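Novice:
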Amino acid sequence: MKLREIIPDRIGFGTAPLGNMFRAVADDEARATVQAAWDEGIRYFDTAPLYGAGLAELRLGEVISQQPRDAYVVSSKVGRVILDEEETGARNLGEKGTLFEHGRKNKIVHEWTAEATERSIEGSLKRLGVDRLDIVWVHDIAQDFHGDVWLQKFEEARTGAFRVLSRLRDEGVIKAWGLGVNRTEPIELTLALEEPQPDGFLLAGRYSLLDHAHALQRLLPMAAEQGVGMVVGGPYSSGVLAGGAHFEYADASSEILEKVRRLRGIADRHGVSIKAAALQFSLAHPVAVAAVPGATKPSRIAEDIAAAQEKVPAGFWVDLRQSGLVSPQAPLPGGA
């Protein structure tokens, strides 16, 4: 089943921040944020065991498990099994070692075998309090987490997670599966395989106003040719496009901040919010099915929906193209 037939709306809710990404979030604030998403009409929720060692799934489940199961779509990820025992040393998360330092201390087993995939799904269902997942992403089999051995992890997933998820899809247990990564290369490798074939992918941070040229070179043409859909993760580039200070899960460099300043200058001249520019750009590619910005404050949900609906004048996109801030190959809203 194609992602467009599964995901109900163009804007979903990404729950990574609910795993105490960057900062500790109070339980009542997290609950209120998920409730605000539901009240604003959002019906697609994306989560993962990695986010705070299960914390995001627990917080999301408090709200959505109380709603009719057929009323929403939820995706989670495999590749991490959360144990009851606590971690005693520092976590090994590659380039993102401190990303969830404020999350739960539970030990995380990083494994993409068939057995671990089934255990991961079982754990997610329990934490979410639901009876099924709609979409399952194979999480982080890429260089940013595994360095030079990432291809070994990919092979583990190809012979393990990929086959399990294909079987579960064929049996009707899940509706779709794919990769959820921060790099394009694992998705390109997967799309080049004869078996098994994914239904889509979640690409975080690689199709945003600040970083999209590489995805346009090979990945997105492959996806378009095969009819595979993309969920855009991190449309605000870890927050720097929404007034934050982070890019690629770390402090933004002076070069990135200067690029944001230039983008904001063009947006201000046209009376356009930078959030609207970021969201609408990410959704303009024909392969893009939905975007899943994250939030930890209820007010941010209404902002995201307003940004997606904001009327952006064609002149803004023309100026953006002429400024050289976006790739000449990037589709722009309205065909600019």
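So the sequence shown is residues 1 to 336, counted in the UniProt record's numbering.
Note that the Cβ used here is the ideal one computed from N, Cα and C, for glycine as well.
Please read these numbers as outputs of a predicted model, since none were measured by experiment.
1. In chain order, which continuous runs of the alpha helix (DSSP H) of length 4 or greater are located wholly inside the stretch 187-221?
2. Is P198 near the ligand ADP - that is, is its Cβ less than 7 Å away from at least one heavy atom of it?
3. Evaluate the contact criterion for the stretch 34-52 versus the stretch 316-332: three or more CB pairs, one atom per stretch, below 8 Å.
4. Which residue's Cα is closest to the Cα of G14: E310, A290, A330?
5. Rounding to the nearest angstrom, what Cα-Cα distance links V326 and E258 in this structure?
6. Is the stretch 282-301 in contact with the stretch 4-19, if contact means three or more CB pairs nearer than 8 Å?
7. Is it true that the CB of Q280 sits closer than 8 Å to the CB of P333?
8. Measuring only the C-alpha atoms, how far is E101 from G315?
9. What residues in its chain sit with their C-beta under 7 Å from that of A278, if we drop five residues either side in the sequence?
10. Using the Cβ count rule (16 or more neighbours within 10 Å means buried), how would you classify R80?
11. Between which two residues does the beta strand (DSSP E) carrying R80 extend?
12. Grouping DSSP H, G and I as helix and E and B as strand, with all else coil, what is S76?
13. Whole angstroms are fine: how far does the CA of R264 sit from the CA of S65?
14. DSSP has N106 in a bridge; who is on the other side?
15. Within 10 angstroms of the Cβ of Q309, are there 16 or more other Cβ atoms? Answer buried if so, exposed if not.
16. Is F45 closer than 8 Å to V25 when the C-beta atoms are compared?
17. For R59 versus A114, is the C-beta distance shorter than 8 Å?
18. Beta-carbon within less than 7 Å of R43's beta-carbon, same chain only, minus the 5 sequence neighbours each way: which residues are those?
19. With DSSP as the reference, identify every bridge partner of H246, one or two as the case may be.
20. In whole angstroms, what separates the C-alpha of A276 from that of H270?
21. Any idea which residues DSSP pairs V232 with across the strands?
22. In its own chain, which residues sit with a C-beta less than 6 Å from the C-beta of R119, not counting the 5 before and 5 after it?
23. Pull up the distance between the alpha-carbon of L83 and that of W150, whole angstroms please.
24. Any idea if V78 is buried or exposed, counting beta-carbon neighbours within 10 angstroms, 16 or more meaning buried?
25. Who does H146 pair with in a DSSP beta bridge?
26. Mapping DSSP to helix, strand and coil, what is I6?
27. Do H139 and G180 come within 8 Å of each other at the CB atom, strictly closer than that value?
28. Of the choices E156, E87, P331, whose alpha-carbon is the least far from that of K107?
29. Can the beta-carbon of R127 be found closer than 8 Å to that of G54?
Specialist: Working from what's here:
1. 213-217
2. Within the structure as shown, the ligand ADP is missing, as the structure has no ligands at all.
3. no
4. A290
5. 15 Å
6. yes
7. yes
8. 43 Å
9. S208, L209, P235, Y236, L241
10. buried
11. 80-86
12. strand
13. 39 Å
14. E86
15. exposed
16. no
17. no
18. P8, D9, A71, Y72, V73
19. D251
20. 12 Å
21. L203, A291
22. V81
23. 23 Å
24. buried
25. None; H146 has no bridge partner.
26. helix
27. yes
28. E87
29. yes
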